[in-house]
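J.: Heads up: the sequence shown at position 347 corresponds to 349 in this note's numbering, and the numbers run straight through without jumps. Just so you know, even glycine gets a beta-carbon here, dropped at the ideal spot from N, CA and C. Fair warning: this is a prediction, and the values are worked out from it, not measured in the lab.
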Amino acid sequence: MKARYLILLLCIPLIFITWYRLFPYTLWAIESNGFFVWTPDHMHWIWSQHAGFSVFLSSFFAQFFRWPAIGALLQTLFAFIVLCSSLIVLNRLKLPKAFLSVALLPVMGLWIKQCQDDTLFFSVQFASFFLIWAISCRIERWYFRILFLVPLYFSLTWNFFFIALPIVIGVEFLLKRQHCLDTKREYKIATVYLIPVLLLGGSYYYIGTEKTYRAKEHDHEVAYLAYSQKWNHLLNLIGIRDHTPEELRYILLGLSHKNMLGDVIFHYPVNSEEFFLFNGDMSKEACFFNELFYAHVGLYNEAIHQAFLEATHTDSGMSFRVLMNLVKFNISSGNRVLARKYMDVLSHATCYGDWVEKERALMSALPSVDAPPADRFFMTNSTLRNLHRITQNGYKNEKLNHYYLCALLIRKNLLAFTAYLNKHLFLIEERIPVHYMEALVLAATQGFRVKGVRIPPSVIQQFNEFQSFIRTKNRRAILAKYQYTYWYNYYFTTFPQDSNISDEKPH
């Protein structure tokens, strides 16, 4: 009995700590990508699925992962059910104490599998299987036990059912032959206590250091910070070196939110405007980012389109994250009828009553919003061409205009850059971004100027010093002093050769 308590005391808190401390943003991803509402059509869809019982429970429990502590407790609860059920089955075998460590094996398997999945479906199936198995052990006749396990059909998928059933039959065979086991043999204390400690410690170390699990948690954290618009935290998390292309997109979006895109974009290895968003990538993560991008620049029609594309990648054809975004996008675009419709749907979820009431109060407090711009369209081309087309149609969103100007700088098209600024001086009335000043100094040497704009003498002096360094051809010294200037980008950064965009020449 004491050995059982030791296993419980070690296993349960360790699994809770794993989720609450190491993977809190994975818990958020499970909830945000899940979906469950008490509506007839959704209930009909759930129960029409094979293993509908598992679909129902996994979708229902996922709602509560909005709160990391509750999510960690629920993940621990599944493991607790498996552990207790395994101990009941092993107790039925009347094995020596040393064999109690075997109960940890299915728990560790579930523990690791939970870190690989972003749903609760497997956890519910696994826990249901062991729970029903443990209850069946109360039945004396082994063949009646097998019949009792028939309800597993309604909670397990076919593959899981046909894997689980032979395991049960094998254990039931051992139950019949349990007299063959030496139940009186004494084992050393090390076997009883040391093995569980080593198994649990090894599992915790593996899960905590596994690169794929940590990378997934990092990606979920980046997505959460962007969704919550905690841009300072996001930029600090990613840092300034060794970025993936996906991280660069989030960095640029954060800089744009902070009105710093034209000041520090060339502090990062951005040599293509294709780093602005995911163009041509229809994965769930790409669609989610594109929603944030299009909403940020005021293109709500395209943001809604991307939200529905994201929904197609979810198990239920919808998710809490998508539905909340649809509410926000329709409110911002002035389509209050659809916003109310989606809020009504979300109000049938268990945990979103307060959120819906808050959004309704916010919408009622807002003044009437004009209808969306007439230039509704879908992004179907390369990023530069799309930006050019939107801005040439007179779209006034400042964030989008700055994205376009930065794209021209990346392309080293100073003629188009200065010409566009001459027509849209409102973009630099309050302040001229650092890289814009650097570009204007360089453009002036080529005969391109923006009327009424004066560049500080310190910037002109710095450019003259840069030119003197260029004459020395000391690449290392130039890199050390001017790496984060537009001038260095202009002279030393090569735009990638892409057959889809190489022929584009905006005017």
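In terms of alpha-carbon separation, which member of I267, L227 and N93 lies closest to I242?
T.: Working through the sequence shown from its first residue, we reach residue 242 at position 240. Comparing Cα-Cα distances from I242 to each of I267, L227 and N93, the minimum goes to I267.
J.: In this structure, does DSSP put K232 in helix, strand or coil?
T.: Here residue 232 refers to the residue found at position 230 when the sequence shown is read from its first residue. Coil, per DSSP.
J.: What does the alpha-carbon distance come out to for the pair F428 and N403?
T.: By one-based count along the sequence shown, residue 428 stands at place 426. By one-based count along the sequence shown, residue 403 stands at place 401. Spanning the two alpha carbons is a distance of roughly 11 Å.
J.: Output yes or no for whether 7 Å exceeds the beta carbon distance between P70 and P26.
T.: By 1-based counting over the sequence shown, the position of residue 70 is 68. By 1-based counting over the sequence shown, the position of residue 26 is 24. The answer is yes: Cβ separation under 7 Å.
J.: Looking only at its chain, what residues have a beta carbon closer than 7 Å to the beta carbon of P374, apart from the 5 residues adjacent to it on each side?
T.: Numbered from its first residue, the sequence shown carries residue 374 at position 372. With a pLDDT of 49 at P374, under the threshold of 50, the modelled position of this residue cannot be trusted; read the value that follows with caution. So the list reads Y302, N303, S335 and G336, once near-sequence residues are dropped.
J.: Whose C-alpha, out of E467, V324, E287 and S103, is nearest the C-alpha of L89?
T.: On the sequence shown, residue 89 is found 87 positions in, with the first residue counted as 1. When only C-alpha atoms are compared, the closest one is S103.
J.: Which residue from I19, T496, E359 and D120 puts its Cα closest to that of T28?
T.: Walking along the sequence shown from the start, residue 28 turns up at place 26. For the options I19, T496, E359 and D120, the alpha carbon positioned closest to that of T28 is the one of D120.
J.: For the segment 218 to 275, list the alpha helix (DSSP H) runs that are entirely contained and at least 4 residues long, ordered along the chain.
T.: Runs of the alpha helix (DSSP H) lying entirely within the segment 218 to 275, each at least 4 residues long, are 233 to 240, 247 to 259 and 263 to 266 in chain order.
J.: CB-CB under 7 Å to A341, same chain, minus the five flanking residues each way: which ones, in chain order?
T.: Mapped onto the sequence shown, residue 341 falls at position 339. Same-chain partners within the cutoff: V329, N332, I333 and M365.
J.: So what's I430 in DSSP terms, helix, strand or just coil?
T.: Mapped onto the sequence shown, residue 430 falls at position 428. Shown here, I430 sits in a helix according to DSSP, grouped into three states.
J.: Look at the alpha carbon of A305 and the alpha carbon of F295, and state the distance between them as a whole number of angstroms.
T.: Here residue 305 refers to the residue found at position 303 of the sequence shown. Here residue 295 refers to the residue found at position 293 of the sequence shown. So the two alpha carbons sit approximately 8 Å from each other.
J.: Taking 7 Å as the threshold (C-beta atoms), are L325 and Y344 in contact?
T.: Locating residue 344 in the sequence shown gives position 342, counting from the first residue. Locating residue 325 in the sequence shown gives position 323, counting from the first residue. Cβ distance < 7 Å, so Y344 and L325 count as in contact.
J.: Could you give the DSSP three-state label for L200: helix, strand or coil?
T.: One-based indexing of the sequence shown puts residue 200 at position 198. Looking at L200 - three-state DSSP - the assignment turns out to be helix.
J.: From M110, C139 and H46, pick the residue whose C-alpha is nearest to that of L92; which is it?
T.: Your numbering for residue 92 matches position 90 in the sequence shown. Comparing Cα-Cα distances from L92 to each of M110, C139 and H46, the minimum goes to C139.
J.: Which residue marks the beginning of the alpha helix (DSSP H) containing G355, and which one marks its end?
T.: Here residue 355 refers to the residue found at position 353 of the sequence shown. Unbroken alpha helix (DSSP H) run through G355: G355 to A367.
J.: Once the 5 residues before and after E276 are set aside, which same chain residues still bring their CB inside 6 Å of it?
T.: Sequence index remark: in the sequence shown, residue 276 carries index 274 (1-based). Around E276: T385.
J.: Less than 8 Å between the CB atoms is what I'm expecting for R323 and S34, so what's the real figure, rounded?
T.: Along the sequence shown, one-based indexing puts residue 323 at 321. Along the sequence shown, one-based indexing puts residue 34 at 32. Contact check for R323 and S34: beta-carbon distance about 4 Å, within the 8 Å limit, so the pair qualifies.
J.: Determine whether the beta carbon atoms of A309 and E293 lie at a separation below 7 Å.
T.: Start at 1 with the first residue of the sequence shown, and residue 309 comes out as number 307. Start at 1 with the first residue of the sequence shown, and residue 293 comes out as number 291. Closer than 7 Å, so yes.
J.: If we require 4 or more residues per run, which alpha helix (DSSP H) segments fall completely within the segment 274 to 308?
T.: Runs of alpha helix (DSSP H) with 4 or more residues, each lying fully within the segment 274 to 308, are found at 286 to 298, listed in chain order.
J.: Report the three-state DSSP secondary structure of R413 (helix, strand or coil).
T.: Counted from its first residue, the sequence shown places residue 413 at position 411. Per DSSP, reduced to three states, the secondary structure at R413 is coil, with no helix or strand assignment.
J.: Report the option in H307, K453, F128 and F494 whose CA atom is closest to the CA atom of I472.
T.: As a first step, residue 472 must be located in the sequence shown, where it is residue number 470. Minimum Cα distance to I472 is reached at F494.
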